[in-house]
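Below is one structure; the comments refer to it alone.
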Amino acid sequence: MSAIGSKARRDRIVQLATTTGLTSVEELSQLFGVTASTIRRDLARLTTDGRLARTYGGAMALSAHPEASLRQRTGEAYDAKRAIARWAAAQVQPGETLLLDAGSTVGALAHELRTAKDVTIATTGLTALQELADVETVHVECLGGTLRPLSQGFVGPLTEAALERLTFDRVFLGTDGVSPEHGICEADLRQTRLKELMARRADHVYVLAHAAKLGRRPFHAWATLPEGWTLVTDDAADPGILAELRARGVATVLAEPVGTL
């Protein structure tokens, strides 16, 4: 990275801490091409200003990556989510039994499935339930449990117990971030555990994530992204990250923009 002013560097440090998680002195020194002492002075200034919290060897965002509500996320990357949802819906065959996660992109898929015929859809998300509640050609099962208000999804032992009674042809998972190294990211360990359990019950596993989520590490709870799963994203996705995923055995799909379908 070319040399930048101290204020711009400090602003960038705050941005990195907020979007990618913990930042270390060593990493920041290499990134900005300055000494570790300079970075420590930056972190001290940002801590004094109330913009960061110091940790051993680095810093983190004071807000610790606040989780946006589902309502806030619904309007983000709207066209990309529609494209991903269209592609996912096209994979569904009559007579199949599906499992839908919570989340705004999976909610967009539920909307596309309103025209489906002769399918059974189980879900852990209120958005999917609302989309499909009045559709007579779709049989809907709700996997209840403890409701997380921010994600509008059910989690916990009751949800997990319900899963043990069912198997699925396809499961569609949402996520807050995707990392080739770590997998898929969520704000809550109950969510990541549930995603892994959901995947075990299905023949085909899809992760629906628009391009901005690739490479993001907003939280510290992870589920594995193993060989054989399919990531469905949009044409703005980072080719490098996609290549890393494919090298690990994860299939990748770039959904075409809705206007070109």
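The numbering of the sequence shown is our numbering, which starts it at 1154 and goes up by one.
Note that the Cβ used here is the ideal one computed from N, Cα and C, for glycine as well.
Keep in mind that this is a model prediction, so the values were computed, not measured.
Does the beta carbon of residue i sit closer than 8 Å to a beta carbon anywhere in chain C?
i: Glu1397; result: This model lacks chain C altogether, as it is built from one protein chain only.
Tell me whether residue i is buried or exposed, calling it buried when 16 or more other Cβ atoms sit within 10 Å of its Cβ.
i: Ser1304; result: buried
i: His1363; result: buried
i: Gly1137; result: Since the first and last residues shown for the chain are 1154 and 1414, residue 1137 lies out of range.
i: Thr1276; result: buried
i: Asp1287; result: exposed
i: Arg1162; result: buried
i: Arg1301; result: buried
i: Lys1160; result: exposed
i: Ala1170; result: buried
i: Pro1379; result: exposed
i: Glu1339; result: buried
i: Asp1202; result: exposed
i: Lys1348; result: buried
i: Asp1271; result: exposed
i: Ala1255; result: buried
i: Ala1389; result: exposed
Determine the DSSP secondary structure at residue i, reduced to helix, strand or coil.
i: Val1178; result: helix
i: Gln1168; result: helix
i: Ser1190; result: helix
i: Trp1382; result: coil
i: His1264; result: helix
i: Leu1296; result: coil
i: Thr1258; result: helix
i: Leu1199; result: helix
i: Glu1284; result: helix
i: Val1411; result: helix
i: Ala1376; result: strand
i: Leu1184; result: helix
i: Ala1364; result: helix
Between which two residues does the beta strand (DSSP E) containing residue i stretch?
i: Ile1274; result: 1272-1276
i: Leu1326; result: 1321-1326
i: Ile1157; result: First-last for Ile1157: undefined, no H or E at that position.
i: Ser1332; result: 1330-1332
i: Ala1253; result: Residue identity differs from the one stated: residue 1253 is Leu in this sequence, not Ala. Unbroken beta strand (DSSP E) run through Leu1253: 1250-1253.
Enumerate in chain order the residues of its own chain whose CB-to-CB distance from residue i is below 7 Å, with the five nearest sequence positions on each side excluded.
i: Val1259; result: Leu1253, Gly1278, Ala1281, Phe1325, Gly1327, Leu1361
i: Ile1113; result: Nothing about residue 1113 can be reported from this structure: the residues present for the chain run from 1154 to 1414 only.
i: Val1291; result: Leu1266, Ala1269, Val1272, Ile1274, Leu1285
i: Asp1387; result: Ala1233, Ala1236, Ile1237, His1363, Ala1364, Leu1407, Ala1408
When you compare each of the options to residue i by their alpha carbons, which one comes out closest?
i: Pro1310; options: Lys1366, Ile1157, Gln1344; result: Gln1344
i: Glu1317; options: Gln1244, Gly1297, His1335; result: Gly1297
i: Ser1392; options: Ala1365, Arg1267, Glu1339, Arg1198; result: This sequence places Pro at residue 1392; Ser is not what is there. The shortest C-alpha separation from Pro1392 is found at Ala1365.
i: Thr1200; options: Asp1232, Leu1384, Gln1246, Ile1166; result: Ile1166
i: Ser1257; options: Gly1248, Asp1195, Ala1230, Arg1194; result: Ala1230
i: Val1411; options: Trp1240, Asp1341, Gln1168, His1335; result: Trp1240
i: Val1385; options: Leu1196, Ser1177, Ile1337, His1373; result: Ile1337
Quick one: residues in its chain with C-beta nearer than 8 Å to the C-beta of residue i, no 5 flanking neighbours on either side, listed in chain order?
i: Ala1355; result: Leu1252, Thr1320, Phe1321, Asp1322, Arg1323, Val1324
i: Arg1399; result: Thr1405
i: Arg1198; result: Arg1163
i: Ala1261; result: Lys1234, Arg1235, Ile1237, Ala1238
i: Ile1157; result: Arg1165, Phe1185
Ordered along the chain, which non-local residues of its own chain (more than five positions away) have a Cβ less than 6 Å from that of residue i?
i: Val1293; result: Ile1274, Leu1285
i: Val1358; result: Val1324, Ala1352, Trp1382
i: Ser1182; result: Ala1189, Ile1192
i: Thr1369; result: Here residue 1369 turns out to be Arg, not Thr, going by the sequence shown. So the qualifying residues of the chain are Gly1330.
i: Thr1250; result: Thr1273, Phe1321, Asp1322
How is the alpha helix (DSSP H) around residue i delimited, first residue to last?
i: Val1288; result: Here Val1288 belongs to no alpha helix (DSSP H), and DSSP marks it neither H nor E.
i: Glu1349; result: 1342-1353
i: Ala1238; result: 1231-1243
i: Ala1315; result: 1310-1316
i: Gly1393; result: 1392-1400
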